[in-house]
Amino acid sequence: SWKSTYQKTRRKIRNKLSALSS
Amino acid sequence: AKSWCAMQAAPLFLVSFVDEESSGNRSSWPDRKENQRQQEQPRASQHEIQLHRFAMGRESEKALLETASSCLDNFELLSAMRVLAAGDADMRSLSEDCECLRNGYLRAYNAKNTEKDLHIETILGVLEMVKELWSSQSLGADTRVRLAVMVGEMLKHSPVSKKKVDAILNRPLLGSQSQRFGKRASHKCLSS
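Structure follows, in structure tokens:
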């Protein structure tokens, strides 16, 4: 669904960001 | 070149020409026929073109992801899509997800009143995400205005013109043109 795609995309971006920061 | 590409958010490639003889693909003792064939071919065909893409610097990748994250929080889906497309394969896949989100949103927005129910999942999804984002303390006033407009867009309903309403109300009843309209029907007629 639209909502789950939105949440999943946001989560993936944040995970990549935190992986880069660590 | 790397710093220029970082400023322009453009990928950087290196093109190299590999000599087939030195690439190790050929036998070191080619037979006579093979030797002859090589001599007949033009010089350009003896080189293989290879493309190498330079990996982005850690800071460039971080900057792109931070911008994309901010765009997504503001529902700027087109910008998020473009920013992510400048990254590596993983980010390009995220860019495609953003494109799907944008297309779904546009389809729901452009749907006619009678077809809105086909996009109800998207409409409710947008409203739920706006509700979630709205409670965030860090949300700026400009973003709140933007989100409010988006909710309005999702719920917009084109008003029906007075002319159209009159036409519907004054439309002749079905069968009113018939000579038998308003008259008692016989039992025979009813059964048929």
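Protein chains in written order, with my numbering: chain A, 302 to 323; chain B, 2 to 193. Glycine included, C-beta positions come from ideal geometry on N, C-alpha and C.
| Asked | Found |
| --- | --- |
| Length of the line joining the Cα atoms of Y307 of chain A and K157 of chain B | 22 angstroms |
| Residues near D143 of chain B in its chain [Cβ-Cβ closer than 8 angstroms; skip 5 each side] | none |
| N-terminal and C-terminal residue of the beta strand (DSSP E) that E49 of chain B is part of | H48 to R54 |
| Proximity test, Cβ basis, 8 angstroms: R315 of chain A and chain B | yes |
| C-alpha distance - S323 of chain A paired with T115 of chain B, whole-angstrom precision | 51 angstroms |
| Top-ranked residue by Cα proximity to L125 of chain B, from B:V84, B:D20, B:V152 and B:M8 | B:V152 |
| Chain A contacts from the segment 113–136 of chain B (Cβ-Cβ distance under 8 angstroms) | E122, T123, L125, G126, V127, E129 and M130 |
| Rounded C-alpha distance that separates E21 of chain B from F14 of chain B | 21 angstroms |
| Buried/exposed call for W303 of chain A, threshold 16 Cβ in 10 Å | buried |
| Segment contact, 8 angstroms Cβ cut-off, at least three pairs: the segment 127–137 of chain B with the segment 58–71 of chain B | no |
| DSSP state of S71 of chain B mapped onto helix, strand, coil | helix |
| For M92 of chain B and S29 of chain B, the rounded distance between their alpha carbons | Its pLDDT being 46, under 50, S29 of chain B is placed unreliably in this model, and the value from its coordinates should be taken loosely. Going from the Cα of S29 of chain B to the Cα of M92 of chain B covers about 43 angstroms. |
| Closest Cα partner of K317 of chain A within the set B:M82, B:E129, B:N111 and B:L65 | B:L65 |
| Minimum Cβ-Cβ distance from C101 of chain B to chain A less than 8 angstroms | yes |
| Environment of H53 of chain B [buried if 16+ CB atoms lie within 10 Å] | exposed |
| Classification of S96 of chain B by the beta-carbon crowding that lies within 10 angstroms, buried from 16 upward | buried |
| Where the alpha helix (DSSP H) through L85 of chain B begins and ends | L78 to A86 |
| Buried/exposed call for G105 of chain B, threshold 16 Cβ in 10 Å | buried |
| Proximal residues of chain B, C-beta to C-beta of T302 of chain A below 7 angstroms | The sequence given here has Ser at residue 302 of chain A, not Thr. Those are E122 and G126, listed as they occur along chain B. |
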